[in-house]
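Contents: one structure, followed by commentary.
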Amino acid sequence: MLGTHKARGNSLAALVLASPPTFGQKMNHIEIGENEKETVYSWLRDYNHERNGDFMRSLEIEGTEIPIFLSARNDNGEVIGGLEGTILHKWLKIDIMAVEPSQRRRGAGTELVERAERIAIERGCEFAFVDTMSYQAPGFYERLGYDVVGRIPDWDSHGHEKLYFTKTLPQHQTESGWREILTPAPHTTKHTDP
Numbered sequence: 145m146l147g148t149h150k151a152r153g154n155s156l157a158a159l160v161l162a163s164p165p166t167f168g169q170k171m172n173h174i175e176i177g178e179n180e181k182e183t184v185y186s187w188l189r190d191y192n193h194e195r196n197g198d199f200m201r202s203l204e205i206e207g208t209e210i211p212i213f214l215s216a217r218n219d220n221g222e223v224i225g226g227l228e229g230t231i232l233h234k235w236l237k238i239d240i241m242a243v244e245p246s247q248r249r250r251g252a253g254t255e256l257v258e259r260a261e262r263i264a265i266e267r268g269c270e271f272a273f274v275d276t277m278s279y280q281a282p283g284f285y286e287r288l289g290y291d292v293v294g295r296i297p298d299w300d301s302h303g304h305e306k307l308y309f310t311k312t313l314p315q316h317q318t319e320s321g322w323r324e325i326l327t328p329a330p331h332t333t334k335h336t337d338p
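In short: position in the sequence shown from 1, add 144, done, that's this note's numbering.
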């Protein structure tokens, strides 16, 4: 088993093989500094600019990537769920969505995802993307119209798959999306998920 090498300052720890290890032999590791890290990043940036310059230049424009965070609240104004995501060009990426355990299967998760989708549509998104583990919420996203587009078996090395979902968003405008962004109010969930 390899030990963890703690980076000092702003440097990045990495493993580098001096020669292929034999059975039972420990790998040598060295610290890679910020200069080396930047050099490696620059190779990838240069390649990406060469192959997909329009996209790469678009990432340099401030406001292109829009972070969103939504919360659901009970009648007392207490947070019972949250969704964090990013809007980039035509895509909504749901990074994290969680609901307080006693409030699950009561509609808060559905409402959070639908609110995020409405906001994304208002911002010109046509698609949504999320990944989840097989023990987390694949059925939840399927019920909301998401389709599995990829899976990695045994992703966590403990027998669980990572699933990737996408959804084509309906292309109609809603008024509520903007109102929720500009004047967020405590939110009550009273309906039940199927």
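Quick reminder that beta carbons are idealized off the backbone N, C-alpha and C, glycines included.
Per DSSP, residue i is paired with what?
| i | result |
| --- | --- |
| P314 | DSSP, once it has assigned bridges, lists no residue as partnering P314. |
| K306 | M277 and I296 |
| K234 | Its beta-bridge partners do not exist; DSSP assigns none. |
| L214 | L227 |
May I have the straight-line CA-CA distance separating residue i from residue j, to the nearest angstrom?
| i | j | result |
| --- | --- | --- |
| I263 | L214 | 10 angstroms |
| E182 | D190 | 12 angstroms |
| G207 | E194 | 23 angstroms |
| V223 | Y285 | 22 angstroms |
| I212 | N179 | 33 angstroms |
| R259 | W299 | 30 angstroms |
| F199 | I210 | 16 angstroms |
| I176 | R250 | 49 angstroms |
| Y185 | S246 | 44 angstroms |
| G294 | E305 | 10 angstroms |
| E204 | I238 | 22 angstroms |
| R201 | L188 | 14 angstroms |
| Y279 | G303 | 10 angstroms |
| A162 | S301 | Annotation note: pLDDT 46 at A162 (below 50); position unreliable, coordinate value reported separately. Straight-line Cα distance between these residues: approximately 27 angstroms. |
| R248 | G197 | 44 angstroms |
Apart from the five residues on each side of it in sequence, which residues of its chain come closer than 7 angstroms, Cβ to Cβ, to residue i?
| i | result |
| --- | --- |
| P282 | T276 and L307 |
| M241 | L227, G253, L256 and V257 |
Is the beta carbon of residue i sitting closer than 8 angstroms to the one on residue j?
| i | j | result |
| --- | --- | --- |
| G268 | K234 | yes |
| G221 | E244 | no |
Residues in the same chain with beta-carbon distance under 8 angstroms from residue i, minus the five sequence neighbours each way, listed in chain order, please.
| i | result |
| --- | --- |
| L313 | L236, E261, A264, I265, C269, E270, F271 and A272 |
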